[in-house]
């Protein structure tokens with residue numbers, strides 16, 4: 001599990017967290033968000049998505065798959081010191097840039113030359129938006145694949161798994177091995193955008209699990225009627241065996 005997944009409950013971080021409320025702090029961040037959305041709207045996985053798109057017929061030089069999972073994997077692959085140093089969209093920029101380098105859309109030399117030749121006055125105007133990207137913005141890509149087929153019911157006591165992590169995970173590190181209670185079962189079976197290697201990928205139920213803070217943080221937990229809730233894929237839950 002990457003270090004950045006263990007933030008819950010950690011003490012002694014290098015500096016206080018900055019709770020920035022603005023969605024975009026600088027104008028270039030809007031452009032990075034737009035690039036990410038365009039990449040998702042042209043991703044070749046959309047041919048089998050819900051709804052399905054005629055993605056093979058779209059005239060674009062982008063012929064790869066790009067989803068939220070790819071964006072998250074790129075950020076999680078960063079050196080932990082860089083991860084904590086950079087702001088939110090700086091992580092996006094790093095992950096997207098590395099993706100284009102790895103896939104051969106651009107070389108490091110071409111990128112360096114382009115960066116050296118740019119000045120603030122060279123900023124391009126608003127780009128034209130592809131019809132396919134507009135369709136994606138309107139209709140999206142639903143991960144729901146079926147009605148729910150849950151193994152656990154509301155009120156079930158469960159333990160969170162401690163499976164080995166691969167390059168990407170949706171399981172917060174501080175919940176591993178902890179016990180909680182199923183608070184809600186979502187109405188569908190949901191696929192993830194890729195197979196992460198730690199159990200998720202194929203369609204499965206998603207739950208909201210309630211945790212007592214004392215179960216997670218022990219004597220350091222604050223007093224009072226508090227609970228922590230987490231949305232978790234079924235692969236991350238296991239039953240608690242009753243003692244005979």
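Numbering (the numbering used here), first residue to last: 1 to 244. We put the beta carbon where it would ideally sit given N, CA and C, even for glycine.
Report task. Taking only the alpha-carbon atoms, compute the straight-line gap between residue 171 and residue 202 and give it to the nearest angstrom. Result -> 16 Å
Query raised in the report: Is there contact here, the segment 207-223 with the segment 181-188, by at least three beta-carbon pairs under 8 Å?
Result: yes
Query raised in the report: Near residue 98, what residues of its chain come up, given a Cβ to Cβ distance below 8 Å and the 5 sequence neighbours on each side ignored?
Result: 74 and 77
Requested in this report: Just mark residue 147 as buried or exposed, buried being the case when its beta carbon has 16 or more other beta carbons within 10 Å.
Outcome: exposed
Requested in this report: Check whether the segment 50-67 touches the segment 134-146, taking contact to mean three or more Cβ pairs, one atom from each stretch, closer than 8 Å.
Outcome: yes
Requested in this report: Taking only runs that begin and end inside the segment 67-102, name each unbroken alpha helix (DSSP H) of 4 or more residues, in chain order.
Outcome: 68-76, 80-85 and 88-102
Query raised in the report: First and last residue of the beta strand (DSSP E) that includes residue 145?
Result: 144-147
Query raised in the report: Name the DSSP beta bridge partners of residue 157, please?
Result: 181
Query - Close-in-space but distant-in-sequence residues of the same chain around residue 151 (CB under 7 Å, 5 per side omitted) - result: 234
**Report entry** Cβ neighbour criterion (16 or more within 10 Å) applied to residue 92
**Finding:** buried
Query raised in the report: With C-beta atoms as the reference, is residue 236 less than 7 Å away from residue 161?
Result: yes
Query raised in the report: Shortest alpha-carbon distance to residue 142 belongs to which of 29, 67, 156 and 114?
Result: 67
Report task. Taking only the alpha-carbon atoms, compute the straight-line gap between residue 86 and residue 112 and give it to the nearest angstrom. Result -> 20 Å
Report task. Compare the beta carbon distance of residue 145 and residue 198 with 7 Å and say whether it is the shorter of the two. Result -> no
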